[in-house]
Every structure is written in C-alpha cells, then in structure tokens.
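Numbering (our numbering), first residue to last: 0 to 315.
Cβ coordinates follow ideal geometry from the N, Cα and C atoms, glycine included.
Below: one structure, written as structure tokens.
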C-alpha cells in the first residue's frame with residue numbers, strides 16, 4: 000500500500016507502481032469453497048442472512064437457532080469458526096441497525112469486532128469521518144467536503160430539506176443515517192431487478208468478428224436462462240470494459256417484453272456500434288435485461304452469500 004497499490008487496481012498499473020512486487024494468480028475454486036464454508040457458518044445461527052457483497056452479509060440474530068441472547072457473543076463465535084474452518088480472518092460490526100453495523104464492521108479491520116449500542120450511536124456517528132459513512136461514495140464525499148461537511152456532526156447540522164436540495168433523494172437517506180435511523184430489515188430474499196451474464200477474458204480481445212460472435216453466444220445463453228424461469232425484460236444493456244479498465248454501458252428499450260435470443264443479440268450488436276470496440280481492445284463483455292416482467296414464482300431472487308445481522312444487526 001505504501002507504493003499506492005490498492006484493491007481493484009489493474010495489475011498493469013500495480014506493476015508500474017511496485018515493479019518489485021510478486022504477482023500471483025487468483026485461486027477462484029478456493030474462494031468459492033471458502034465462501035460456501037462461511038455461508039454454512041452463518042446459517043448455523045440464523046436463516047436471516049442478507050448478502051451485501053461477495054464477502055459481506057447482514058445477519059439478523061434477534062431470534063437465533065442457538066437461543067443466544069448476545070449478538071456480540073454470536074459475532075465472536077462466528078469469527079472464531081471462520082478462522083478455524085477456513086484459516087481466514089474476518090471482521091464484524093454489531094449494532095441495532097444495518098447501517099451502523101456495516102460502519103462498525105469496517106471500523107476495526109482486520110480481525111476486529113466492534114459493538115455500537117444504541118446509547119453510543121449518536122456520539123459515534125458525530126465523530127465519524129464522512130468518508131466512512133456507508134453509502135457515501137467518492138463523488139458525494141467530494142461534494143460534501145466542498146459544502147463543509149467532513150464529519151457526521153457536520154452532516155447532522157443540515158436540515159432534511161437542504162440535504163434533498165443538495166443531493167436529491169439521497170439527501171433523505173443522509174439525514175436519517177447521521178442520526179442513526181435505519182429501519183430496513185435484514186432480507187434473505189430480494190426482488191430480482193435484472194438478468195444478465197458477463198465474461199472477463201484471460202487475454203484482451205480486439206477482433207470485431209470474434210466479439211460479435213461472442214455476443215451472440217452470450218445472448219443465446221441469457222435467452223435460455225430467462226426462459227427457464229419464465230422471465231422477460233424490456234431494457235437491454237451492453238457492458239464493455241476496455242483494456243485500460245474504462246467501463247461503459249449502452250442501453251436500449253424494446254417495445255415488448257422479450258427473452259428472445261435473436262432480439263437480444265440484434266440489440267446488443269446495435270449497441271456495440273456506439274462504442275469504441277474494434278478500435279480498442281476489450282477485457283470484459285456483458286449483456287443484461289432489466290425492467291423485468293417476472294412470473295410470480297420467480298419474482299424474488301433467493302440470495303446465497305454471506306453475513307450480517309440484527310440484534311441489532313451483525314455485519315461481517
């Protein structure tokens with residue numbers, strides 16, 4: 000990190016910053032196994048597991064399979080079991096709501112456990128740097144700094160009306176979270192909003208005919224998958240990531256709901272014409288359909304991954 004290397008950075012850039020670094024290939028089978036093992040540990044305690052990302056989830060342990068009365072002790076047990084079973088360290092945050100549990104989980108890494116009880120939440124949030132607020136990205140952080148908002152206390156000085164004027168609908172969210180208000184439940188299922196697939200290539204692709212053929216194969220696979228779950232969509236989106244990791248999307252809505260292979264492929268190829276593909280090499284291609292017309296049986300998407308919770312909520 001002292002050379003400026005950080006996660007999600009392209010290896011080529013990391014190599015320039017730290018030429019003496021040792022680069023190893025990812026072990027995706029091992030990652031998948033570890034993820035499955037961690038998930039099994041979560042479900043030992045509760046069925047209310049809501050994934051947040053590949054290696055994070057919320058758990059609501061207010062009522063849990065082991066009858067334990069302390070979310071902190073449950074989080075401690077989970078961290079110990081993860082280390083015993085996978086030889087990996089993890090961090091957890093325990094609080095009465097998802098937002099504070101998430102912030103707490105990031106507060107004491109690596110291998111940390113942070114408890115924020117309700118009576119300490121106000122002081123904790125007021126002293127917190129705004130960049131540590133979950134849901135405040137780099138662009139929003141920059142805008143907040145320009146408005147003199149650098150801590151939770153600064154954010155709390157703004158009225159809800161002024162925050163909405165400055166940040167749109169997100170202003171209501173910022174108004175509530177800086178006061179520790181987050182009534183969202185831990186949801187083990189979520190409404191599916193899109194269906195799609197993408198592929199990251201082991202070597203960059205530049206041949207337009209190959210790329211076009213690949214998009215047709217991808218469209219066919221998506222069509223088959225959507226037909227299996229009786230799902231159609233009206234908005235088709237093409238995702239392109241270039242060699243330098245610049246990522247763009249192009250979207251087009253069609254008149255009727257569709258899961259037709261030919262129509263998906265045709266629109267994707269039309270969208271491709273509005274990109275630099277053919278002139279720039281490509282690292283990733285993807286197609287997705289949104290604005291879905293789901294059958295009742297598949298209106299909800301069962302989530303699979305990791306951990307968080309709510310006795311409050313625990314976030315790992």
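The beta strand (DSSP E) enclosing residue i, as first and last residue numbers
i, result
"residue 254", "246 to 257"
"residue 93", "91 to 94"
"residue 368", "It is not possible to answer for residue 368, since the shown part of the chain is limited to 0 through 315."
"residue 21", "Careful: residue 21 lies outside any beta strand (DSSP E) and carries neither H nor E."
"residue 204", "193 to 204"
"residue 55", "55 to 59"
"residue 115", "112 to 115"
Alpha helix (DSSP H) segment containing residue i, residue limits
i, result
"residue 99", "97 to 104"
"residue 38", "27 to 42"
"residue 143", "137 to 145"
"residue 224", "207 to 227"
"residue 265", "260 to 271"
"residue 83", "70 to 85"
Beta-carbon gap between residue i and residue j smaller than 7 Å
i, j, result
"residue 179", "residue 112", "no"
"residue 231", "residue 257", "yes"
"residue 81", "residue 91", "no"
"residue 58", "residue 41", "yes"
"residue 270", "residue 217", "no"
"residue 221", "residue 192", "no"
"residue 148", "residue 154", "yes"
"residue 84", "residue 36", "yes"
"residue 176", "residue 244", "no"
"residue 60", "residue 44", "yes"
"residue 203", "residue 242", "yes"
Classification of residue i by the beta-carbon crowding that lies within 10 angstroms, buried from 16 upward
i, result
"residue 184", "exposed"
"residue 10", "exposed"
"residue 294", "Residue placement at residue 294 cannot be trusted, given a pLDDT of 48 that sits under 50; the coordinates are not used to answer."
"residue 136", "exposed"
"residue 94", "buried"
"residue 261", "exposed"
"residue 320", "With the chain covering only 0 through 315, there is no way to say anything about residue 320."
"residue 292", "exposed"
"residue 285", "buried"
"residue 72", "exposed"
"residue 208", "exposed"
"residue 21", "exposed"
"residue 8", "exposed"
Nearest to residue i (by Cα), restricted to the options the options
i, options, result
"residue 49", "220, 101 and 200", "101"
"residue 194", "174, 5, 213 and 225", "225"
"residue 272", "290, 287, 251 and 106", "251"
"residue 206", "56, 276 and 168", "276"
"residue 54", "159, 60, 120 and 87", "87"
"residue 19", "30, 32 and 4", "4"
"residue 240", "103, 282 and 200", "282"
"residue 287", "280, 44 and 219", "219"
"residue 200", "165, 138, 280 and 182", "280"
"residue 56", "289, 186, 235 and 168", "186"
"residue 116", "267, 70, 211 and 31", "70"
"residue 248", "274, 227 and 211", "274"
Closer than 6 Å: residue i CB and nearest the ligand COA heavy atom
i, result
"residue 151", "Inclusion of the ligand COA in the displayed structure is not the case, the ligand content being empty and no account of it being possible."
Complete runs of the alpha helix (DSSP H) confined to the region 153 to 190 [at least 4 residues]: If you keep only unbroken alpha helix (DSSP H) runs of at least 4 residues inside the region 153 to 190, you get 159 to 166 and 169 to 176.
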